[in-house]
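Enquirer: Residue 18 in the UniProt record's numbering sits at position 18 of the sequence shown, with consecutive numbering throughout.
Every residue, glycine too, gets a C-beta built ideally from N, C-alpha and C.
Below you'll find the structure I mean.
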Amino acid sequence: MGINPVRLNHAVFYVADLNRSVAFYTDVFGMEVVASEPRFGAAFLRLPRSGNHHDLGLFGVGPDTTPKTHRTGLYHLAWQVDEITDLETARDLLMAAGAFVGESDHGATRSVYGKDPDGNEFEIMWMLPVEKWGEFDDLAPVLPLNLDKDIAEWGGVRTAGRIVTESVEAAEATA
């Protein structure tokens, strides 16, 4: 038996300017800073509907660093949204922030892509209901995204699973 994880809990990036990156993730993703560690130039952020302690860690390493391009290592992280219309919102916000880099239809998923100020790429994705994967059960094509068509077809269909919709404090108060 091997390691048996159930999901990615959080990601951590090294960034050139901690304040700039915190501003990007709070403005574009609506994250909140839940903890900081000034001795290490670090901030820990949580997504608005997350049940995690933190979803993203950022460590400032100084302005003399440059974005990494085309090397071995991490390519991108993917955050799943609950409804297909969330992709339209994500695309609009990324475009407004100058961070949009593309979009794709991968058969079982639909995605928009962005980069943070340090060039760290991320994917915002929505997944079709598992029973609708069909031929894409074992395929992952890269096709042009037709988001208007997909919204018309899949609008209102939730696929992200359990979403935390109340604060941890409220949940503990009712327990």
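By how many angstroms is the C-alpha of Gly-2 removed from the C-alpha of Gly-102?
Expert: Those two C-alpha atoms are separated by around 36 Å.
Enquirer: Measure the beta-carbon distance from Leu-18 to Ala-35 and round it to whole angstroms, keeping in mind my assumption that it falls under 8 Å.
Expert: Between Ala-35 and Leu-18 the Cβ distance is about 13 Å, and since that is not below 8 Å, they are no contact.
Enquirer: To the nearest whole angstrom, what separates the beta carbons of Asp-27 and Ala-97, a pair I think is in contact under 8 Å?
Expert: About 7 Å separates the two Cβ atoms, so the contact holds.
Enquirer: Apart from the five residues just before and just after Asn-52, which ones in its own chain have a Cβ nearer than 7 Å to its Cβ?
Expert: Excluding sequence neighbours, Asn-52 sits near Asn-9, His-10, Arg-46.
Enquirer: May I have the straight-line CA-CA distance separating Gly-114 from Met-95, to the nearest angstrom?
Expert: Going from the Cα of Gly-114 to the Cα of Met-95 covers about 9 Å.
Enquirer: In three-state DSSP terms, what is Gly-155?
Expert: DSSP places Gly-155 in coil when its eight states are reduced to three.
Enquirer: Identify, in the order they occur along the chain, each residue of the same chain with its Cβ nearer than 6 Å to the Cβ of Leu-139, setting aside the five sequence neighbours on each side.
Expert: Cβ within range, chain order: Gly-107.
Enquirer: If Glu-83 sits next to Val-130, beta carbons under 8 Å apart, how far is it from one beta carbon to the other, in whole angstroms?
Expert: With 8 Å as the limit, Glu-83 and Val-130 do not qualify as a contact, their Cβ atoms being about 16 Å apart.
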